[in-house]
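J.: Numbering (the working numbering), first residue to last: 1 to 123.
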Amino acid sequence: MIRPEDLLPLPEALTRWPVLRRLADLTAGWTFAYAEQDGVAEWTALRTWPDGTADILRLRGETDAESLRVDPDGYIVWKADGTAADVVDKLTALLPPGHPLAPRLALGRAPDPASTARLWWPR
1 MIRPEDLLPL PEALTRWPVL RRLADLTAGW TFAYAEQDGV AEWTALRTWP
51 DGTADILRLR GETDAESLRV DPDGYIVWKA DGTAADVVDK LTALLPPGHP
101 LAPRLALGRA PDPASTARLW WPR
């Protein structure tokens, strides 16, 4: 789970990861968090839509990024991985929930947040 004290102000997040500017330029708001585990820095960005859908981005480096969209029922309906730039491009091209062409078929189920202490990422 991301603790409130791990959240970064937007200017600091953009200074550390310029590729995130593409997310920040979108109309929907993003929240950014930073954590280190086993000496590996990890950035997480989260956008929650009004219907409860969530877009999540995890960055460990310029060549290690993952993103997914989870519907309000906890089902993963979209995911991407690759370089930070590629994943951010795919994420910014993703249609908003509720759009007729937006992804909505379940690919898998996200875990119950109460059962895990940190974000879970399918491999």
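Every residue gets a Cβ at the ideal spot worked out from N, C-alpha and C, and that includes glycine. For clarity, every value in this text was computed on a predicted model and none was experimentally measured.
Cβ atoms of ARG58 and LEU94: under 9 Å apart, would you say?
T.: In this structure, ARG58 does not lie closer than 9 Å to LEU94 by Cβ.
J.: Return the chain-ordered list of same chain residues with a C-beta closer than 7 Å to the C-beta of GLU62, the five sequence neighbours on each side being excluded.
T.: THR83, ALA84
J.: Please name the residue, chosen from LEU20, ALA102, LYS90, ARG109, that lies closest to ARG60 on a Cα-to-Cα basis.
T.: The shortest C-alpha separation from ARG60 is found at LEU20.
J.: Give me the Cβ distance between PRO103 and VAL87, rounded to the nearest whole Å; I'm assuming they're in contact under 8 Å.
T.: With a Cβ gap of about 15 Å, PRO103 and VAL87 do not count as contacting.
J.: From ALA80 to ASP89, what distance separates their C-alpha atoms?
T.: 10 Å
J.: Reducing DSSP to helix, strand and coil, say where ALA41 ends up.
T.: strand
J.: In whole angstroms, give me the CA-to-CA distance for THR44 and PRO100.
T.: 28 Å
J.: Do you know whose CA, among PRO97, GLY74, ALA13, ASP73, lies nearest ALA41's CA?
T.: ALA13
J.: Assign ARG58 to one of three DSSP states: helix, strand, or coil.
T.: strand
J.: Could you tell me which of ASP73, ARG16, LEU107, GLY108 sits nearest to ALA54, measuring between CA atoms?
T.: ASP73
J.: By the DSSP assignment, the alpha helix (DSSP H) with VAL87 in it spans what residues?
T.: Element bounds for VAL87: 84-93.
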